[in-house]
């Protein structure tokens, strides 16, 4: 009986706090934190430039554009491709592949899959190379960094 009164008291207390948030004619929502913006708008920037985990990044410059890829391990889609004009403001423009060609990657795995990719551009074609510690080295090509990319080839 004592436990039931405590639970009921907690529910009433929680409901009271919930209703207090409705005072004034509607539900109050908390303000979302701002999206990370490294560009200070005055020619300066703040670190980190990319506020996310892009392990083993590799960047290539093609004309006035910069493209970045990074390890994606067992996360799919694999090998994100980011674009920037100034090395500060980055946008994800695509991924090299949607499905990993080796078996067993339908479930998350720690430390497996795509490691330390290398992104290059030569004679109008993008190349990406990466190592998989269990399956070897892979390569894909694309005419545009955003894709589409060729199927992965085990080298």
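In this note's numbering, the protein residues as written are 116 to 270.
From the three backbone atoms N, C-alpha and C, an ideal C-beta is built for every residue, glycine too.
Take residue 71 and list the residues in its own chain whose beta-carbon comes closer than 8 Å to its own, dropping the five residues that flank it on each side. Lying outside 116 to 270, the shown extent of the chain, residue 71 is not represented and no answer is given.
Would you list the residues sitting across from residue 176 in a DSSP beta bridge? Per DSSP, 181.
Sorry if obvious, but does the Cβ on residue 216 come closer than 7 Å to a heavy atom of the ligand GTP? Inclusion of the ligand GTP in the displayed structure is not the case, the ligand content being empty and no account of it being possible.
Cross-strand partners of residue 90 (DSSP beta bridge): No answer is possible for residue 90: the residues shown for the chain start at 116 and end at 270.
Could you check the C-alpha separation between residue 212 and residue 146 for me, to the nearest Å? Looking at the two C-alpha atoms, the distance is approximately 36 Å.
Assigned secondary structure, residue 269 (DSSP; H/G/I helix, E/B strand, else coil): Note: residue 269 maps to strand in three-state DSSP.
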